Each structure stands twice: as structure tokens, then as C-alpha cells.
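**Q**
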Amino acid sequence: MAAGLPARALADDTSVASSESADGYQVPDRPAPNSRMVPSPQNTGITKPNAEPIPPEPAPAAWDEEYDVVIVGSGWGGLTAANMAAQGGLKTALIEKGDVTGGASRHAAENAVISGGSKAQEEAGYHWPGDKFDPKAATTKYEEYCSWTVDYKLLYDSVIAGAEWIDWMMEQPGIEWVAAGPCMEDIRVNSKEQNTLLGNHWTAEALTDNAIADGVEIKLLTQCKALIQDGDRVVGIKVADTLGNETYLKGAKAVLLTAGGFGMNLDLLEKYTPTAYMYATQGGPMPSHTGECFRMGLGVGADVSGFNSFSMWEGGLDEYWGNGDGNYFHHFWNGAKQVMQNPWLKIDITGRRMEFFAKSTGDGIPQENYPHLENCEIGDLTSANHWSSSIGHRAYNIFDSKFKESLKVFENSAMNPNQDAHRQPVSEDRTVVNTLASSTEWEKEFEEAVARGAISKADTLEELAEMLGLRPERVTAAVDHWNNDICAKGEDTDLPAPYKEDWLIPVDTPPYYGAAMGGQISKTMAGLRVNEKMQVINAEGDPIPGLYAGWYTAGGIGGVNNYGGIFGNPTIHAGVAISGVGGYMAMNAILANE
Numbered sequence: 023m024a025a026g027l028p029a030r031a032l033a034d035d036t037s038v039a040s041s042e043s044a045d046g047y048q049v050p051d052r053p054a055p056n057s058r059m060v061p062s063p064q065n066t067g068i069t070k071p072n073a074e075p076i077p078p079e080p081a082p083a084a085w086d087e088e089y090d091v092v093i094v095g096s097g098w099g100g101l102t103a104a105n106m107a108a109q110g111g112l113k114t115a116l117i118e119k120g121d122v123t124g125g126a127s128r129h130a131a132e133n134a135v136i137s138g139g140s141k142a143q144e145e146a147g148y149h150w151p152g153d154k155f156d157p158k159a160a161t162t163k164y165e166e167y168c169s170w171t172v173d174y175k176l177l178y179d180s181v182i183a184g185a186e187w188i189d190w191m192m193e194q195p196g197i198e199w200v201a202a203g204p205c206m207e208d209i210r211v212n213s214k215e216q217n218t219l220l221g222n223h224w225t226a227e228a229l230t231d232n233a234i235a236d237g238v239e240i241k242l243l244t245q246c247k248a249l250i251q252d253g254d255r256v257v258g259i260k261v262a263d264t265l266g267n268e269t270y271l272k273g274a275k276a277v278l279l280t281a282g283g284f285g286m287n288l289d290l291l292e293k294y295t296p297t298a299y300m301y302a303t304q305g306g307p308m309p310s311h312t313g314e315c316f317r318m319g320l321g322v323g324a325d326v327s328g329f330n331s332f333s334m335w336e337g338g339l340d341e342y343w344g345n346g347d348g349n350y351f352h353h354f355w356n357g358a359k360q361v362m363q364n365p366w367l368k369i370d371i372t373g374r375r376m377e378f379f380a381k382s383t384g385d386g387i388p389q390e391n392y393p394h395l396e397n398c399e400i401g402d403l404t405s406a407n408h409w410s411s412s413i414g415h416r417a418y419n420i421f422d423s424k425f426k427e428s429l430k431v432f433e434n435s436a437m438n439p440n441q442d443a444h445r446q447p448v449s450e451d452r453t454v455v456n457t458l459a460s461s462t463e464w465e466k467e468f469e470e471a472v473a474r475g476a477i478s479k480a481d482t483l484e485e486l487a488e489m490l491g492l493r494p495e496r497v498t499a500a501v502d503h504w505n506n507d508i509c510a511k512g513e514d515t516d517l518p519a520p521y522k523e524d525w526l527i528p529v530d531t532p533p534y535y536g537a538a539m540g541g542q543i544s545k546t547m548a549g550l551r552v553n554e555k556m557q558v559i560n561a562e563g564d565p566i567p568g569l570y571a572g573w574y575t576a577g578g579i580g581g582v583n584n585y586g587g588i589f590g591n592p593t594i595h596a597g598v599a600i601s602g603v604g605g606y607m608a609m610n611a612i613l614a615n616e
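My numbering numbers the first residue of the sequence shown as 23 and each following residue consecutively.
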């Protein structure tokens, strides 16, 4: 018998002959037959305090406020569902722990429904994966990218709902969207009046105004603290304001959790997306994604779907695990981060070059061999995956004092101003109507990152290497190879997807700069398991009465073990539209139950 394997049971005996292997390993006692003690994320491994389920509370003797529907989270899912509920005659409360509606959706660039099918996309001639809207073909194609780990019925229904959601959005007052292939863009973005910086701001404003006009009670700076359960049914929530004052809100017909994922909760990351926990340099997509609603779902017995699935953007400076201010979040539109997202010399800890991917280029010549696979991804997820899977899970940028001139080269000729806009520092001369949460003082932000140690600056390469924790001889050898074997010859012969000629800028003019970087979590796709009605279901497959969830509080739409979410960034409805689609599906089901 092979070492390390338990003895095989005899064919005519139902018992195991021995639980000890040849090398002495003791196999744990098996669970009782039919005990359903199958290993799962919930019952496997260590559960740290901030990953513990949050138990429900019993119904109060009297409710402070009563509604038909209570919705937690005001991104596209929450705003969509709240507007639909009000239009359907339901008394609705929308809970948001931030000081403005929109959540991460407001901060996004555009809204992609890759499978198409909406009226606007049909008129624009966009289809995927064939030459007509075909939900079965789209479902099957996406399943291939996810290794057939997505609930087929849920995915199929979401494809149909994606087209319907865009049609519904286009009918709402104040929504000014234009079809651009798979993406629906605000007219200001589509016309280049505004670049992709917070391109969804105006949509968030319109949906908020519409909800208020239709009677939705929006409660800002209000945090959901617990689900309220009466018997098996979820009947409301307990909330608290910033002063700690608690209020009980009844949701007579439904409670909908659409509060995003848990990309800022390290305990949940370690348990439910351990690869992201180990690889990511920064959390996200926003500081509010701390996972309490996910934990509340666990507290009422919800099953989990989408284990270890997540996506990451490139450019996350390693400030939590490495050098810097120790924060696990910095906004993804930040001067220091934008500078890092450019084709500098990139190496791993051994000095070997790392790749950089750009989807399209300003001169019309694409990067050779870029592996985008028609997946509506602009390179940043591919880069983040590549760097994070290297030894040490980091890439190291090395560049010199010419970096400002180099950035102009990258912007003007090397990369497309629209497709790669997220890699270009925001400045006064960029086409930005309103910078909103971001600053145009990118040089100041860069210098601040240097001052706090997130970016290292040194007069010699040897000193720079020491600051980065790298062996000096590896860094000097890498720079020598870059300068003399690559840049001097004007051809990148190292990489499968080679740098373009105008990216080959020598590192030869001190001071020198460097930084450890990797992926910033953009989405966690592990979450509460839901059926096609977006009802939260338990480990027996039964709906938990009264409880619904939308993505990314819900999970599973990206399958299991989806490393990096490269396809679609990261789903068949990308990263933002999927939230709206989930809210649309949930509220359709809630309204149908009336």
C-alpha cells in the first residue's frame, strides 16, 4: 500500500480495515453516516473574530418603523431595487452606512453587460458570443471561463435579466447612457467630456433623486447591526446611527442585503478567499466593504457560494504588509497608484522581469500577444494576476528621475487615452468635468507616497534595492540587462507579450525610484448562496423566508476558485452592472410574491 494512504476497505466489508497509513498518519474518525458533515467553508479551518457569524435577534415588542421592504446597501443593486419597489407601491427603506448613496457603483467607470440583448445594444449591433442575443450560448461560454462551477439556472436567468435591467435603466428619468459595445456609458464619458474617473456619478444622482421622489426613505450614515428573525422568517433589521442610537425597522415582505463584499475584512478574506488574503496588497473596492451583511446571512444559516473567488486591479502599493502608512486601503484613483500602473521595468524578487499588459494603444498598434481573449478586460487584472502569482506575490517597479517625461510618452503614444485612462494620473489638463473624490494634484500625491515610504527614492540602485528589501546584485543586474540588452537594442526579446518600442526607456538618471506592488481587491465573489429568485438559501437548499441578497453580498456568480476574475472584470455583467442585475432580479421576485 502506498505510503500516506489509508488502508482500503475489503469489498465485502463496510468498515475501514485500518485508519493508520504506512507512515503512521492517523486518519481522522469519519463523521456519522448521513450526518451531512461534508467539509465546507463554514466548518473548515479557523474562524477569527471578524469572520464569526452575526446571530439574529428576536422581534422587538414594538417596531420603531415599519416598511414593506428594507434594503441594505445603496449601490446599483440597492438603488435599482428601491426604485422598483417604490414604483410597485411598496413602502421602502434604503439603508446606507456611508454619507452618500451609490456605494462602489458610483466610483466606477461604466456598466458592462457582456451578454448583451438590451435594446440599446441591439441597435448598436453588439452581440456576444455570436451574432445574435443567445442566452444559452452566453451562459455556456461563460461557464467555460468559470470551469463549470456557476449555478447554470442562476447564470442563465441573470443573462436575461441583464438585458432587461439595461432597458429598465434607460427608461428612468435622468439616466443618460450610450451603448459602447458591451458597456453602457454615461453620455459625458462617451463624448470624452469626462474620462472614466467616477463615470457613474450622474447615474447615482439620478437614481437617488428618483427614489426620493417616489417616497423611498433613504437613511445615510446608518449601519445595519443585526437581522431580526421571527421563527424561521427574517422580518426586519436593527440599525444604528453614528451616535450608536439603535432603531428596529420592520420589513414585512422582505429584507434585501446588497451591501457589497468583504474585501476590507482580513478575517473573512483569510477564511473565504484565502488566495486573495495571501496575494492582495490592498483591500477594496471601497472601505465600506467589511462584510457584516454576509456575516448576518451566515448567522441565520445561509450557505456559501463562490469560495475563493475574487478579482484584483493592478497597482496596489504594498502599504499594509510592506512599507508605507500601514493602511489597507487607498482609493484606486490616486496619483501615486496611477504612476505605478505604467510600463516601467518590473521585476520579481530574483530580478527576473515581469510582464505588463495594455489592451490597446494610442498609435493603433496593439501590444503583441496580449492574451485578452475577448474578455472585456483592459489588462490590469491580467497584470495583477501575473505579479501576484510570482515568488513573493509582488512585482517591483524600477524607474528614474525621467518619470514625468516617460509618463507623457506612455500617455501620448503607448497607451490608449480611453481604454487605459485608469493608468494615467489625473491632472488639470485631462478631460474631467468633476474630479469628485479624487485630486488633480498627482505630483503632490506621488511625493506624499515617497515621504511615507510607500515609494522608495535613492541616489544609487544599491541603496534602492536595500530599501525595497531586495538583493542589490539582483537589482543592478536587472537594470543593466534592461538598459543594455533591451532598451539599447530597441526590441523587447524577454517577454511573451513584449513591451512596445516606446516603452523601452533606460533607467540611468538618478535619483532612482522603486516600489513593491501587486493587486488591489476589486471584488470578492464568495458570498451568500442564492437561487434564481435571489432568495438566500441554507445548506439544505431551502430559501430562508424573507431574506434576499444581491451581488456581491451574494456569491457564486463568478464560480468557485476564480483566480482574479479576468473574464469580464470579473463576471458576465462585469463588476458593477452585476450589482444592478442582482437588485433587479431580487425585486422582481419580491414583487411577484405580492
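Cβ atoms here follow ideal geometry from the backbone N, Cα and C, with glycine treated the same way.
Here the structure is a predicted model, which is why all the values come from computation and not from measurement.
CB Y570 to CB Q557, shorter than 8 Å?
**A** Here the question's residue 570 lines up with position 548 in the sequence shown. Here the question's residue 557 lines up with position 535 in the sequence shown. Cβ distance < 8 Å, so Y570 and Q557 count as in contact.
**Q** According to the Cβ coordinates, are A142 and I93 closer than 8 Å?
**A** On the sequence shown, position 120 is the one that residue 142 refers to. On the sequence shown, position 71 is the one that residue 93 refers to. Contact flag unset, no.
**Q** With a CB to CB cut of under 6 Å and the five nearest residues on each side skipped, what residues in its chain are close to N133?
**A** Working through the sequence shown from its first residue, we reach residue 133 at position 111. So the list reads M206, V598, A599, once near-sequence residues are dropped.
**Q** What residues in its chain sit with their C-beta under 6 Å from that of L395, if we drop five residues either side in the sequence?
**A** Taking the sequence shown and counting its residues from 1, one reaches residue 395 at position 373. Confidence is the limiting factor: at L395 the pLDDT is only 46, short of 50, which leaves the residue's position unreliable, though a coordinate-based value still follows. Hits under 6 Å: none found.
**Q** Please report how far the alpha carbon of E17 lies from the alpha carbon of M362, in whole angstroms.
**A** The structure shown has nothing for residue 17, since the chain only spans 23 to 616.
**Q** Please classify V60 as buried or exposed, where buried requires at least 16 other C-beta atoms within 10 Å of its C-beta.
**A** For the purposes of this step, residue 60 is taken as the residue at position 38 of the sequence shown. So V60 ends up on the exposed side.
**Q** Give, in chain order, every unbroken run of the beta strand (DSSP E) that is at least 3 residues long and sits entirely within the stretch 79 to 110.
**A** Whole beta strand (DSSP E) segments, 3+ residues: 87 to 94.
**Q** Can you find the residues in the same chain that come closer than 7 Å, C-beta to C-beta, to G475, ignoring five residues on each side of it along the sequence?
**A** As a position in the sequence shown, residue 475 is number 453, starting the count at 1. For G475, where only same-chain residues beyond five positions count, the Cβ hits under 7 Å are N345, G346.
**Q** Tell me, please, whether the stretch 329 to 339 touches the stretch 533 to 542 by the rule of three or more beta-carbon pairs shorter than 8 Å.
**A** Result yes; three or more Cβ-Cβ pairs closer than 8 Å.
**Q** Does R128 come out as helix, strand or coil in the three-state DSSP assignment?
**A** Here the question's residue 128 lines up with position 106 in the sequence shown. Correct three-state label for R128: helix.
**Q** Mapping the DSSP letters down to three states, classify Q143 as helix, strand or coil.
**A** Here residue 143 refers to the residue found at position 121 of the sequence shown. If DSSP states are grouped into helix, strand and coil, Q143 belongs with the helices.
**Q** Nearest-angstrom Cα distance between V603 and D530?
**A** On the sequence shown, residue 603 is found 581 positions in, with the first residue counted as 1. On the sequence shown, residue 530 is found 508 positions in, with the first residue counted as 1. Answer to the nearest angstrom: the Cα atoms are 51 Å apart.
**Q** For S331 and G203, what's the separation of their Cα atoms in angstroms?
**A** For the purposes of this step, residue 331 is taken as the residue at position 309 of the sequence shown. For the purposes of this step, residue 203 is taken as the residue at position 181 of the sequence shown. If I take the Cα positions, the gap works out to 26 Å.
**Q** Any idea what DSSP makes of K5, helix, strand or coil?
**A** Residue 5 lies beyond the residue range present for the chain, which begins at 23 and ends at 616; the question has no answer from this structure.
**Q** Determine whether the beta carbon atoms of S411 and G125 lie at a separation below 8 Å.
**A** Translated into the one-based positions of the sequence shown, residue 411 becomes position 389. Translated into the one-based positions of the sequence shown, residue 125 becomes position 103. Against a cut-off of 8 Å, the Cβ pair of G125 and S411 comes out as no contact.
**Q** Is the Cβ-Cβ distance between L243 and D121 less than 8 Å?
**A** For the purposes of this step, residue 243 is taken as the residue at position 221 of the sequence shown. For the purposes of this step, residue 121 is taken as the residue at position 99 of the sequence shown. Yes.
**Q** Given that a residue counts as buried once 16 or more other Cβ atoms are within 10 Å of its Cβ, and exposed if not, what is N222?
**A** Sequence index remark: in the sequence shown, residue 222 carries index 200 (1-based). So N222 ends up on the buried side.
**Q** Judging by CA-CA distance, which residue of I234, A185, P82 is the nearest neighbour of A115?
**A** Along the sequence shown, one-based indexing puts residue 115 at 93. Looking at the Cα atoms, I234 is the closest of the given residues.
**Q** Can you tell me where the beta strand (DSSP E) with C246 in it begins and where it stops?
**A** On the sequence shown, residue 246 is found 224 positions in, with the first residue counted as 1. It spans 244 to 252 - the beta strand (DSSP E) in which C246 sits, taken as one unbroken run.
**Q** What first and last residue would you give for the alpha helix (DSSP H) that runs through G605?
**A** Along the sequence shown, one-based indexing puts residue 605 at 583. From DSSP, the alpha helix (DSSP H) with G605 extends over 599 to 614.
**Q** Taking buried to mean at least 16 other C-beta atoms within 10 Å of its own C-beta, is K272 buried or exposed?
**A** If you number the sequence shown from 1, residue 272 lands on position 250. Buried: at least 16 other Cβ atoms inside 10 Å.
**Q** Spell out a yes or no on whether the stretch 254 to 263 and the stretch 286 to 294 are touching, meaning 3 or more CB-CB pairs, one atom from each, closer than 8 Å.
**A** Counting Cβ pairs under 8 Å, fewer than three are found: no touch.
**Q** Taking contact to mean at least 3 C-beta pairs separated by less than 8 Å, is the stretch 347 to 356 in contact with the stretch 297 to 310?
**A** Taking 8 Å as the limit for Cβ pairs, the verdict is that the stretch 297 to 310 does touch the stretch 347 to 356.
**Q** Does DSSP put M556 in a helix, a strand or coil?
**A** On the sequence shown, position 534 is the one that residue 556 refers to. Correct three-state label for M556: coil.
**Q** If I'm right that P71 touches K293 with Cβ under 8 Å, what's the distance once you round it to whole angstroms?
**A** As a position in the sequence shown, residue 71 is number 49, starting the count at 1. As a position in the sequence shown, residue 293 is number 271, starting the count at 1. Contact flag wrong, Cβ pair sits at about 11 Å.
**Q** For the ligand COA, is there any heavy atom lying closer than 7 Å to the beta carbon of A596?
**A** As presented, the structure is devoid of all ligands, the ligand COA included, so that no description of it is given.
**Q** If you run the structure through DSSP and keep just helix, strand and coil, what is F332?
**A** Along the sequence shown, one-based indexing puts residue 332 at 310. DSSP places F332 in strand when its eight states are reduced to three.
**Q** Would you report the Cα separation of E485 and P494, rounded to the nearest angstrom?
**A** Numbered from 1 along the sequence shown, position 463 holds the residue referred to as residue 485. Numbered from 1 along the sequence shown, position 472 holds the residue referred to as residue 494. Rounded to whole angstroms, E485 to P494 spans 8 Å at the Cα level.
**Q** Give the list of continuous beta strand (DSSP E) stretches no shorter than 3 residues that lie fully inside the stretch 516 to 596.
**A** Listed in chain order, they are 534 to 546, 557 to 559, 565 to 571.
**Q** Is L278 buried or exposed, if buried means 16 or more other CB atoms sit within 10 Å of its CB?
**A** Position 256 of the sequence shown, counted from the first residue, corresponds to residue 278. That one is buried.
**Q** So which of A298, N610, H595 has the shortest CA-CA distance to V181?
**A** Here the question's residue 181 lines up with position 159 in the sequence shown. Considering only alpha carbons, the answer is H595.
**Q** Please state the DSSP three-state secondary structure of V322.
**A** By 1-based counting over the sequence shown, the position of residue 322 is 300. In this structure, V322 counts as coil in the three-state DSSP scheme.
**Q** Report the rounded CA-to-CA distance for A482 versus D502, giving the unit in angstroms.
**A** Along the sequence shown, one-based indexing puts residue 482 at 460. Along the sequence shown, one-based indexing puts residue 502 at 480. In the sequence under discussion, the amino acid at residue 482 is Thr, which differs from the Ala named in the question. Distance between the alpha carbons of T482 and D502: 13 Å.
**Q** Whose C-beta lies closer than 6 Å to the C-beta of T295 among residues of the same chain, with five residues either side of it excluded?
**A** Here residue 295 corresponds to residue number 273 of the sequence shown, with the count starting at 1. N330, F332, T546, A548, listed in sequence order.
**Q** Could you tell me the boundaries of the beta strand (DSSP E) in which S478 lies?
**A** Position 456 of the sequence shown, counting from 1, holds the residue named residue 478. It spans 478 to 480 - the beta strand (DSSP E) in which S478 sits, taken as one unbroken run.
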